[in-house]
Amino acid sequence: MEKTFIKALTDIVGESYTLTDKESLACYGYDSTPELESKPGVVVLPGNLEEISRIMALAHDAGVRVTPRGSGTNLSGGSISFDAGVILQTSRMNRILEIDEENLTATVETGVVTSTLHREVEAKGLFYPPDPGSMNISTMGGNVAENSGGLRGLKYGVTDDYVMGLKTVLANGEILKTGGKVVKDVAGYNLNQLLVSSEGTLGVFGEITVKLIPKPKTKKTMLVHFPQLEQAALTVSHIIAARIIPATLEFLDRVTIKCVEDYAHVGLPLDVDAVLLIEVDGHPAQVEEDAEGIRQICERHHCSYFQTAASADEALKLATARRVALSALARVKPTTILEDATVPRSCIAPMVKLIQETAKKYNLTIGTFGHAGDGNLHPTCLTDERDQDEIKRAHAAFGEIFDATIAMGGTITGEHGVGVAKKKYLPKLVGESGIKVMRGIKGAFDPNGILNPGKIF
Amino acid sequence: MDYVKLINCMRCGMCLPHCPTYKETFLETASPRGRVALVRKFQEGELVDTDQFLEYVSLCLDCQACASACPCGVNAGELVAEFRCEKKAGQGLSIIENAILRQLVPHPDRLEAATAPLRLYQLSGLQKLVRSLGLLKMFPAALGRMEGLLPKLPGAPLRKTIDEVTPAQGTEKGTVGFFLGCVMSLIFSEASIATVELLSSLGYKVVTPKDQKCCGAPNMLGHDFEGVKQAARFNTDLFEGDAYDFIVTDCGGCGAELKKYGHHLDGEAKATAFSSKVRDISEILANEAGALKEKLKPLNLKVTYHDPCHIAHCQGIRSQPRALINLVPGIDFRELPEADACCGSAGTYNIEKPEMSDRVLARKLANVEKTGADYLVTSNPGCLLQLKKAMAEQLPQVKVIHLTELLQMSMNG
Numbered sequence: 001m002e003k004t005f006i007k008a009l010t011d012i013v014g015e016s017y018t019l020t021d022k023e024s025l026a027c028y029g030y031d032s033t034p035e036l037e038s039k040p041g042v043v044v045l046p047g048n049l050e051e052i053s054r055i056m057a058l059a060h061d062a063g064v065r066v067t068p069r070g071s072g073t074n075l076s077g078g079s080i081s082f083d084a085g086v087i088l089q090t091s092r093m094n095r096i097l098e099i100d101e102e103n104l105t106a107t108v109e110t111g112v113v114t115s116t117l118h119r120e121v122e123a124k125g126l127f128y129p130p131d132p133g134s135m136n137i138s139t140m141g142g143n144v145a146e147n148s149g150g151l152r153g154l155k156y157g158v159t160d161d162y163v164m165g166l167k168t169v170l171a172n173g174e175i176l177k178t179g180g181k182v183v184k185d186v187a188g189y190n191l192n193q194l195l196v197s198s199e200g201t202l203g204v205f206g207e208i209t210v211k212l213i214p215k216p217k218t219k220k221t222m223l224v225h226f227p228q229l230e231q232a233a234l235t236v237s238h239i240i241a242a243r244i245i246p247a248t249l250e251f252l253d254r255v256t257i258k259c260v261e262d263y264a265h266v267g268l269p270l271d272v273d274a275v276l277l278i279e280v281d282g283h284p285a286q287v288e289e290d291a292e293g294i295r296q297i298c299e300r301h302h303c304s305y306f307q308t309a310a311s312a313d314e315a316l317k318l319a320t321a322r323r324v325a326l327s328a329l330a331r332v333k334p335t336t337i338l339e340d341a342t343v344p345r346s347c348i349a350p351m352v353k354l355i356q357e358t359a360k361k362y363n364l365t366i367g368t369f370g371h372a373g374d375g376n377l378h379p380t381c382l383t384d385e386r387d388q389d390e391i392k393r394a395h396a397a398f399g400e401i402f403d404a405t406i407a408m409g410g411t412i413t414g415e416h417g418v419g420v421a422k423k424k425y426l427p428k429l430v431g432e433s434g435i436k437v438m439r440g441i442k443g444a445f446d447p448n449g450i451l452n453p454g455k456i457f
Numbered sequence: 001m002d003y004v005k006l007i008n009c010m011r012c013g014m015c016l017p018h019c020p021t022y023k024e025t026f027l028e029t030a031s032p033r034g035r036v037a038l039v040r041k042f043q044e045g046e047l048v049d050t051d052q053f054l055e056y057v058s059l060c061l062d063c064q065a066c067a068s069a070c071p072c073g074v075n076a077g078e079l080v081a082e083f084r085c086e087k088k089a090g091q092g093l094s095i096i097e098n099a100i101l102r103q104l105v106p107h108p109d110r111l112e113a114a115t116a117p118l119r120l121y122q123l124s125g126l127q128k129l130v131r132s133l134g135l136l137k138m139f140p141a142a143l144g145r146m147e148g149l150l151p152k153l154p155g156a157p158l159r160k161t162i163d164e165v166t167p168a169q170g171t172e173k174g175t176v177g178f179f180l181g182c183v184m185s186l187i188f189s190e191a192s193i194a195t196v197e198l199l200s201s202l203g204y205k206v207v208t209p210k211d212q213k214c215c216g217a218p219n220m221l222g223h224d225f226e227g228v229k230q231a232a233r234f235n236t237d238l239f240e241g242d243a244y245d246f247i248v249t250d251c252g253g254c255g256a257e258l259k260k261y262g263h264h265l266d267g268e269a270k271a272t273a274f275s276s277k278v279r280d281i282s283e284i285l286a287n288e289a290g291a292l293k294e295k296l297k298p299l300n301l302k303v304t305y306h307d308p309c310h311i312a313h314c315q316g317i318r319s320q321p322r323a324l325i326n327l328v329p330g331i332d333f334r335e336l337p338e339a340d341a342c343c344g345s346a347g348t349y350n351i352e353k354p355e356m357s358d359r360v361l362a363r364k365l366a367n368v369e370k371t372g373a374d375y376l377v378t379s380n381p382g383c384l385l386q387l388k389k390a391m392a393e394q395l396p397q398v399k400v401i402h403l404t405e406l407l408q409m410s411m412n413g
């Protein structure tokens, strides 16, 4: 990295926010993606939108590549700079600028942590539903860039259902304002939606305005055991068919159940195929009715156990199994490869079966849990990065799993993004014309290709 | 160091929002995930221990909030401490660290002797004189800080004056061995007197062996593992046998260390048995909630609670102290935002890294102020030292007391 360039960055953000020491570069060379690592040339931490704009203008003129990074919780290598470029780290920009109770919107800086926004809006009786697993540290900018989902996706949708306005710094430093606080806006192309899930390749978000909704009055949590996988999957389909949309409809498979029980001793039986965690929320009367409907459907499908939480504490207890699923799996072996293959919900049973058979074929341990309600599964391979042979088998297995996902009409990634980890699968999913259109869009936004290069395609 | 422990970190970042130094800096190098990466890269030979490197790892408070937050069981705080311990073993300690952590604190007799002049110094009014003349400015900064941290000392160390056996009141339920922490004995004797009184009033015979020695935690901080083992052996022998139903302490730091004796002595049966009997005072009292409640009289106070790291993160005790505070009729309990975040005391951290310690402390004070409480309850001498001084200077309306002092106050009405 050229000294004059670093000096110019220092002039923008100050010396303490321009990091070039070996230790810092090493620490910004990874995100949460296993096996991927690459040191940037410099790390810069802007304090406001204006500074992002000046950094981008500088990089544009110098032809230096820039990778935006929130808290580094990305699971597809999207926030790693693979060509010793600039890591543009947004964590300092953490102010909630406004909670507008008349228009039901919140405007935040890009580095605001998702759960901080949850807390602040819920204190006002409002609700921002997207709740990715990393919400306690993930940033809003990162959530928008990856279009993050979460447990509440089935009923409430994902990040792009809430983004109303953006202030985005383009590759040349210009600030693009899209959308705003209006619910209806058909003036020109819907650039908001285009920018959501652009994975840092089209622009750097500076400010984000999201839609808020009233906080549901009450909720009810249920835990159900199923001796047979097919019955659990049918239950999921039949709940939806009965016009009940739970806020949460989560699933654990047999491998995950065993790991959870070994770790947390929550009293799960080891002889069942599936556990469902179901949560309904809304008006008390509606919640009662939905919960009763769900109970009947579960019993009709031969659940071996059905429990409804009587209190908030008990609800927390019931949710423990799902909450600790990833921890429980991650503790088994040093390396955890967590994927997010997503299928139409009618295909959950065949998909889980296929994952289990593939694991067996490649002699791997893969636990599957996830958001059964929206078909977003997390097959999680427990392995050891030092065992090259096993790692190779894991990649081969996931290759087959993704092929099957596509064949079932699903997608290779429901919430983690393509980044570099899924790049090779994308053409299979979107085809040549899909890639061509995406490249065209990229060219229109970033003709010199300096923004998060090498990601997506 | 066990390499597997380092690669177990899956870099999910769940530790970041819980790390006091990350919350202050937003820098990956000041986060648990970053520190594990640094130590790992050192082990792999990619990084060397430059001054900058050591500066980054030594910014860790070792509060272990990261361990509580880690989904896959990595204890970044402990790994960093272990790394520093291995480094220090070769290099030796700073003069201050050596004096405090190895030569002084682990030896109750020396510590008591050393603090005797201090007691005299405070009693004689010299302290006021020294402070008012600003003589401390002439001391090295670290010594000046230490002096400022010391509250008014009791007339004599409790270890010297406490009865070896305090009988149970009413029907005797059992016998507990009281492990009297050094700092509790020297500085916060009133809290430990309250502890004994509470136990006795609930029907426990309390035995406080006068020969007991330091728990070994300062040796650990001083990277002196041999000293830790010696302490573990000595205290295990002292409290041996079936005479005690429990071994109780009202010092979070001691409790955390005592519970690890089994581990320190490689799973030796006697040490494991000892550790399994160790209880923090709040654990014992919470089990006696019914009986205790009958003895408590109303206190119309606004109270909040600070979780000491050694209680919440090292021992996993969170609900018991809160339940006990809520037992007191009339108390308006207000949960402290970020209650389990370190107060910045962290062993000798507040002396060694004053700037970061002050930032962490300022956050704690701001949170305490938000609650509007007039009493801040906690249960670890390090936190008491740090918070009493800070409150006296910056939020004088808030009194800082040990949990047992609050309960005693309520019991006495």
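One line per chain: the protein sequences are A and B, in this order.
Read left to right, the first sequence gives residues 1 to 457 (the UniProt record's numbering).
Read left to right, the second sequence gives residues 1 to 413 (the UniProt record's numbering).
Beta carbons are placed, not taken as given, at the ideal position from N, Cα and C, and that holds for glycine.
Across the structure, CYS27 of chain A and GLU28 of chain B are spaced so that their CA atoms are roughly 6 Å apart. Taking CB atoms only, VAL44 of chain A has no neighbour in chain B less than 9 Å away.
Not a single C-beta of chain B is nearer than 9 Å to the C-beta of THR168 of chain A. With respect to the 9 Å criterion, ASP253 of chain A and ASP273 of chain A are classified as neighbours on the basis of their beta carbons. The Cβ of CYS381 of chain A sits no closer than 9 Å to any Cβ of chain B. LEU19 of chain A and GLY29 of chain A have their alpha carbons spaced roughly 13 Å apart.
With a contact defined as Cβ atoms closer than 8 Å, THR139 of chain A and GLY111 of chain A qualify at about 5 Å. Collapsing the DSSP output to three states places GLU299 of chain A in a helix.
Annotated three-state conformation of ASP61 of chain A is helix, per DSSP. LEU382 of chain A has A:THR336, A:THR365 as its beta-bridge partners, per DSSP. A direct Cα-to-Cα measurement between GLY316 of chain B and ALA341 of chain B gives close to 14 Å. In the displayed model, LEU45 of chain A falls within coil according to three-state DSSP, outside both helix and strand.
Sequence-distant partners of LYS295 of chain B (beyond 5 residues in either direction) whose C-beta falls short of 6 Å from its own C-beta, in its chain, are MET411. Any Cβ of chain B closer than 9 Å to the Cβ of THR105 of chain A would place that residue at the interface, and such an atom is absent. DSSP places LEU38 of chain B in the helix class (H, G or I) of the three-state scheme.
Taking a 10 Å sphere around the C-beta of ILE213 of chain A, we find fewer than 16 other C-beta atoms and assign the residue as exposed.
Rounded to the nearest whole angstrom, the C-alpha separation of ILE87 of chain A and CYS214 of chain B is 48 Å.
Within 10 angstroms of the beta-carbon of ASP11 of chain A lie fewer than 16 other beta-carbons, which makes it exposed. Scanning chain A for C-beta atoms nearer than 7 Å to the C-beta of GLY73 of chain B yields ARG331, reported in chain order. Approximately 5 Å separates the beta-carbon atoms of ARG334 of chain B and ALA373 of chain B; this is inside 8 Å, confirming the contact. Straight-line measurement puts the Cα of THR178 of chain A at about 10 Å from the Cα of GLY188 of chain A.
By the rule that beta-carbons nearer than 9 Å mark a contact, THR368 of chain A does not touch chain B. Taking a Cβ-Cβ threshold of 8 Å, the residues of chain B close to ALA26 of chain A are ALA37, LEU38, LYS41, GLU46, LEU47, in chain order. Looking at the DSSP output, GLY370 of chain A sits in a beta bridge with A:PHE251, A:LEU377. Taking 7 Å as the Cβ-Cβ cut-off, the UniProt domain "4Fe-4S ferredoxin-type" (1-29) of chain B approaches chain A at VAL4, ILE7, ASN8, MET10, ARG11, CYS12, GLY13, MET14, LEU16, PRO17, PHE26, GLU28, THR29, given in chain order. Restricting attention to beta strand (DSSP E) runs no shorter than 3 residues, the region 160-235 of chain A encloses them at 163-169, 175-179, 204-211, 218-226, ordered along the chain. Rounded to the nearest angstrom, the Cβ distance from PRO108 of chain B to CYS182 of chain B is 6 Å, consistent with a contact under 8 Å. Put simply, the region 118-135 of chain A touches the region 151-163 of chain A. At least three CB pairs are less than 8 Å apart. Under the DSSP assignment, ALA67 of chain B falls in the alpha helix (DSSP H) whose first and last residues are 65-69. Contact annotation: in the UniProt domain "4Fe-4S ferredoxin-type" (50-82) of chain B, residues whose CB is within less than 7 Å of a CB in chain A are GLN52, PHE53, TYR56, PRO71, CYS72, GLY73.
Annotated as distal: THR335 of chain A and ASP262 of chain A, with beta-carbon spacing of 9 Å or more.
Restricted to the region 291-347 of chain B, the beta strand (DSSP E) segments that are unbroken, complete and at least 3 residues in length are 302-305, listed in chain order. Rounded to the nearest whole angstrom, the CA to CA distance from VAL210 of chain A to ALA37 of chain B is 35 Å.
Judged by DSSP secondary structure, GLY153 of chain A falls outside any beta strand (DSSP E) and instead within the alpha helix (DSSP H) spanning 153-156. Following the DSSP letters along the chain, one finds THR116 of chain A inside the alpha helix (DSSP H) bounded by residues 114-122. Judged by their CB atoms, GLU415 of chain A and ASP340 of chain A are nearer to each other than the 9 Å cut-off.
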